[in-house]
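First the structure, in the form of structure tokens, and then the observations on it.
Numbering (this note's numbering), first residue to last: 128 to 280.
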């Protein structure tokens with residue numbers, strides 16, 4: 128993983144990305160040059176971000192045409208904090224749904240749900256998306272939002 132700039136060092140960034148289970152907001156270009164953004168589940172492994180989606184999702188076609196991406200992983204409640212950056216995405220088949228199963232377990236705790244059943248349906252073709260970050264920036268507004276966060280508890 129690239130050394131981040133901003134509020135956190137590499138260890139703090141890895142800790143946040145490993146412990147936080149909010150979706151990654153991923154931005155890419157469509158083949159006609161427009162911008163596209165979507166949210167996906169992710170996991171950090173060996174300095175890269177790993178996602179999964181349907182083989183037939185629009186984003187797969189978009190990333191095959193242009194693999195440059197920007198992303199943000201941030202909290203949705205105060206105090207706001209997170210990681211944003213850019214990099215390149217690669218796509219590989221996830222024939223055994225290994226990546227998808229791992230993400231379901233990370234976000235849902237197990238594969239015992241209607242959503243997991245639908246996603247793991249044998250008829251559904253999956254791909255694994257690996258994002259290799261080139262630039263990372265971190266922020267943490269905990270100090271400046273301490274009173275707001277305390278009011279929400």
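We treat Cβ as the ideally placed atom computed from N, Cα and C, and that holds for glycine.
Q | Distance between beta carbons of residue 213 and residue 262, contact taken as under 8 Å | A | Indexing the chain shown from 1 puts residue 262 at position 135. Indexing the chain shown from 1 puts residue 213 at position 86. Contact holds; Cβ gap of about 5 Å.
Q | Cα-Cα separation between residue 332 and residue 157, rounded to whole angstroms | A | In the structure displayed, the chain extends from 128 to 280; residue 332 sits before or after that span and is not available.
Q. Helix, strand or coil for residue 165 per DSSP?
A. By 1-based counting over the chain shown, the position of residue 165 is 38. Strand.
(Q) Considering just the uninterrupted stretch of the alpha helix (DSSP H) at residue 259, what are its terminal residues? (A) As a working note, residue 259 is residue 132 in the chain shown. No alpha helix (DSSP H) contains residue 259, which is instead part of the beta strand (DSSP E) from 253–267.
Q. What residues in its chain sit with their C-beta under 7 Å from that of residue 246, if we drop five residues either side in the sequence?
A. For this step, residue 246 is matched to residue 119 along the chain shown. Result list for residue 246: 227 and 231, in chain order.
Q: Identify every residue that forms a DSSP beta bridge with residue 219.
A: For this step, residue 219 is matched to residue 92 along the chain shown. 255, per the DSSP bridge assignment.
Q.
Beta-carbon within less than 6 Å of residue 151's beta-carbon, same chain only, minus the 5 sequence neighbours each way: which residues are those?
A. Within the chain shown, numbered from 1, the residue matching residue 151 stands at position 24. Closer than 6 Å at the Cβ level, and outside the excluded window around residue 151, lie 167, 169, 198 and 200.
Q: Pick out whichever of 256, 136, 240 and 271 has its Cα sitting closest to the Cα of residue 153.
A: Position 26 of the chain shown, counted from the first residue, corresponds to residue 153. Residue 256 is the option with its Cα nearest to residue 153.
Q | Under 7 Å between C-beta atoms of residue 259 and residue 131 | A | Reading the chain shown from its first residue, position 132 is the one you call residue 259. Reading the chain shown from its first residue, position 4 is the one you call residue 131. For residue 259 and residue 131, no; Cβs fall outside 7 Å.
Q: Grab me the residues of residue 194's own chain with a C-beta within less than 6 Å of its C-beta, minus the 5 sequence neighbours each way, in chain order.
A: Looking up residue 194 in the chain shown gives position 67. So the list reads 215 and 216, once near-sequence residues are dropped.
(Q) Tell me the rounded alpha-carbon separation between residue 155 and residue 267. (A) Here residue 155 refers to the residue found at position 28 when the chain shown is read from its first residue. Here residue 267 refers to the residue found at position 140 when the chain shown is read from its first residue. The straight-line gap separating the alpha-carbon atoms of residue 155 and residue 267 is approximately 25 Å.
Q: Report the partner residues of residue 132 according to the DSSP bridge assignment.
A: What you label residue 132 is simply residue 5 of the chain shown in a count that begins at 1. According to DSSP, residue 132 bridges with 264.
**Q.** residue 220 vs residue 272 beta-carbon contact at 7 Å
**A.** For the purposes of this step, residue 220 is taken as residue 93 along the chain shown, with counting starting at 1. For the purposes of this step, residue 272 is taken as residue 145 along the chain shown, with counting starting at 1. Taking 7 Å as the Cβ cut-off, residue 220 and residue 272 do not qualify as a contacting pair.
Q: Would you kindly work out how many angstroms separate the C-alpha atoms of residue 162 and residue 190, rounded to a whole number?
A: To locate residue 162, count along the chain shown from 1; it is residue 35. To locate residue 190, count along the chain shown from 1; it is residue 63. The C-alpha of residue 190 is placed about 12 Å away from the C-alpha of residue 162.
Q. Among 249, 171, 254 and 159, which has the Cα closest to the Cα of residue 142?
A. Position 15 of the chain shown holds residue 142. Per the Cα distances, 171.
Q) What residues are listed by DSSP as bridge partners for residue 171? A) Looking up residue 171 in the chain shown gives position 44. In the DSSP output, where bridge partners are listed per residue, residue 171 has 176.
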